[in-house]
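J.:
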């Protein structure tokens, strides 16, 4: 990875409170869910067994290898997909990074019920950000087709109305480009998203879906001020910026690489915070789980230790 190439109320009263709650007027804005049931800790592993399979994605005139992480009936390679219709994600890797560097995060998402396609394309020294964005969208197109294909491992297991994008660094920027080109994508969450060519900042300004920008305050490669802050500033509502205090660029991956930076918190601490804030966000914006409203837009989000919160809900 290189610096230059790229952060004890009675039940009756509860019912009355819910009946008179005010919902934001904008259709795309998150709707408050007053006094929801307590939500499970999104930084802890979910309840689903974690499975994966290696595939060739052929869609939209593109073809590339990818690994898919998903909730399985059992854990391990090529297990059947757990019953139900699951939200789908496409995740973009960082510059010169193998998708295996994100295994802990992708396993975490699978344990919470997300099916995530991780393209292995554009992994060389001279990647095309635009092509990578198209590969991310092709991944979702492929997943949608697999859902409708008899005999496919993923037949009948994808909720094609709940598709999202994510990615780290270059992959985060590419996810924003991809979102700007898609009408199927409903939400995007990025980690240390880096400016791209064409511009991810400009793409952010065109988005009308929820977008989350997560960064690290000590990122020495794609710093918040020059990258995620500009994207957040450009993005219309609803959007949020979560900056992990002491977080660093390579703290979002599972192991170091050439040219990596460092921060004042451990990688384990940073990844736990990352898994928590992104999982809550995805469960709320894609999973439709309103019990996570407070952790995404409310006081729990504003007061989470170790993460500075900015939002335009």
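Numbering (this note's numbering), first residue to last: 322 to 634. Every residue gets a Cβ at the ideal spot worked out from N, C-alpha and C, and that includes glycine. Quantities reported herein were computed from a predicted structural model and do not represent experimental measurements.
1) Note down, in chain order, each residue of its chain lying with its Cβ closer than 7 Å to the Cβ of residue 442, except the 5 sequence neighbours on either side.
2) Does the beta-carbon of residue 569 have 16 or more other beta-carbons within 10 angstroms, so that it is buried, or is it exposed?
3) Nearest CA to the CA of residue 414: which residue from 394, 592 and 439?
4) Using a Cβ-Cβ cut-off of 6 Å (strictly less than) and excluding sequence neighbours within five positions of residue 606, which residues of its own chain qualify?
5) What are the boundary residues of the alpha helix (DSSP H) that residue 318 is part of?
6) If we ignore side chains and look at the alpha-carbon of each, how far apart do residue 558 and residue 421 end up?
7) Going by CA-CA distance only, name the one from 431, 580 and 496 that's closest to residue 540.
8) Taking residue 528 as the reference, which of 470, 577 and 502 has the closest Cα?
9) Could you pull the start and end residues of the beta strand (DSSP E) that residue 507 belongs to?
10) Going by C-alpha distance, which of 486, 449 and 445 is nearest residue 464?
11) Is it true that the CB of residue 538 sits closer than 8 Å to the CB of residue 565?
12) So what does DSSP say about residue 476, is it helix, strand or coil?
13) Quick one: what does DSSP say residue 433 is sitting in, helix, strand or coil?
14) Whole angstroms is fine: what's the gap from residue 608's alpha carbon to residue 409's?
15) Just how far apart, CA to CA, sit residue 545 and residue 400?
16) Does DSSP classify residue 502 as helix, strand or coil?
17) Taking the alpha carbon of residue 396 as the reference point, which residue from 434, 417 and 361 has its own alpha carbon closest?
18) Enumerate in chain order the residues of its own chain whose CB-to-CB distance from residue 521 is below 7 Å, with the five nearest sequence positions on each side excluded.
19) Along the chain, where does the beta strand (DSSP E) that runs through residue 607 open and close?
20) Cutting at 7 Å between CB atoms, please list the residues of its own chain near residue 602, excluding the five before and the five after it.
21) Tell me residue 565's beta-bridge partners as DSSP assigns them.
22) Since residue 371 contacts residue 428 with CB under 8 Å, what's their CB separation in whole angstroms?
23) Using only CA atoms, which one of 366, 436, 492 and 632 lies nearest to residue 550?
24) Which first and last residues belong to the alpha helix (DSSP H) in which residue 453 is found?
25) Where does the unbroken alpha helix (DSSP H) through residue 373 begin, and where does it stop?
26) Residue 390 by DSSP, collapsed to three states: which one?
27) Please check the pair residue 604 and residue 628, which I expect to be a contact at CB under 8 Å, by giving their CB distance rounded to whole angstroms.
28) Quick check on DSSP: helix, strand or coil for residue 446?
T.: If we stick to the structure as given:
1) Start at 1 with the first residue of the chain shown, and residue 442 comes out as number 121. Excluding residues within five positions, the ones whose Cβ falls inside 7 Å are 385, 453 and 456.
2) For the purposes of this step, residue 569 is taken as the residue at position 248 of the chain shown. With 16 or more Cβ atoms within 10 Å of its Cβ, residue 569 is classed as buried.
3) Taking the first residue of the chain shown as position 1, residue 414 is located at position 93. Selected option, being the one with the closest Cα: 439.
4) By 1-based counting over the chain shown, the position of residue 606 is 285. 508 and 531.
5) No statement about residue 318 is possible, as the shown extent of the chain runs from 322 to 634 and does not include it.
6) The residue given as residue 558 occupies position 237 in the chain shown. The residue given as residue 421 occupies position 100 in the chain shown. About 33 Å.
7) Numbered from its first residue, the chain shown carries residue 540 at position 219. Ranking 431, 580 and 496 by Cα distance to residue 540 puts 580 first.
8) Start at 1 with the first residue of the chain shown, and residue 528 comes out as number 207. Selected option, being the one with the closest Cα: 502.
9) By 1-based counting over the chain shown, the position of residue 507 is 186. Start and end: 506-512.
10) Within the chain shown, residue 464 is the residue found at index 143, counting from 1. Among 486, 449 and 445, the Cα nearest to that of residue 464 is on 486.
11) As a first step, residue 565 must be located in the chain shown, where it is residue number 244. As a first step, residue 538 must be located in the chain shown, where it is residue number 217. Taking 8 Å as the Cβ cut-off, residue 565 and residue 538 qualify as a contacting pair.
12) Position 155 of the chain shown, counted from the first residue, corresponds to residue 476. Three-state DSSP puts residue 476 in coil, outside helix and strand.
13) Here residue 433 refers to the residue found at position 112 of the chain shown. It is coil, neither helix nor strand.
14) By one-based count along the chain shown, residue 608 stands at place 287. By one-based count along the chain shown, residue 409 stands at place 88. Roughly 10 Å between the two C-alpha positions.
15) Stepping through the chain shown from its first residue, residue 545 is reached at position 224. Stepping through the chain shown from its first residue, residue 400 is reached at position 79. C-alpha separation (whole angstroms): 39 Å.
16) Translated into the one-based positions of the chain shown, residue 502 becomes position 181. Of the three classes helix, strand and coil, the one that applies to residue 502 here is coil, per DSSP.
17) Position 75 of the chain shown holds residue 396. Residue 434 is the option with its Cα nearest to residue 396.
18) Counting from one through the chain shown, the residue named residue 521 turns up at place 200. So the list reads 494, 497, 498, 514 and 552, once near-sequence residues are dropped.
19) As a first step, residue 607 is located in the chain shown; it is residue number 286 there, counting from the start. First-last for residue 607: undefined, no H or E at that position.
20) Locating residue 602 in the chain shown gives position 281, where the first residue counts as 1. By the criterion of a C-beta distance shorter than 7 Å, residue 602 is surrounded in its chain by 510, 533 and 617, once the five residues flanking it on both sides are discounted.
21) To locate residue 565, count along the chain shown from 1; it is residue 244. Residue pairing from DSSP places residue 565 in a beta bridge opposite 537 and 628.
22) By one-based count along the chain shown, residue 371 stands at place 50. By one-based count along the chain shown, residue 428 stands at place 107. 5 Å between Cβ atoms; contact.
23) Counting from 1 along the chain shown, the entry for residue 550 is found at position 229. Considering only alpha carbons, the answer is 632.
24) By 1-based counting over the chain shown, the position of residue 453 is 132. Element bounds for residue 453: 450-468.
25) Position 52 of the chain shown, counting from 1, holds the residue named residue 373. Careful: residue 373 lies outside any alpha helix (DSSP H), inside the beta strand (DSSP E) at 370-380.
26) As a working note, residue 390 is residue 69 in the chain shown. Here residue 390 sits in strand by DSSP.
27) Counting from 1 along the chain shown, the entry for residue 604 is found at position 283. Counting from 1 along the chain shown, the entry for residue 628 is found at position 307. Between residue 604 and residue 628 the beta-carbon gap is near 17 Å, outside 8 Å, which marks them as no contact.
28) Counted from its first residue, the chain shown places residue 446 at position 125. Looking at residue 446 - three-state DSSP - the assignment turns out to be coil, as it is neither helix nor strand.
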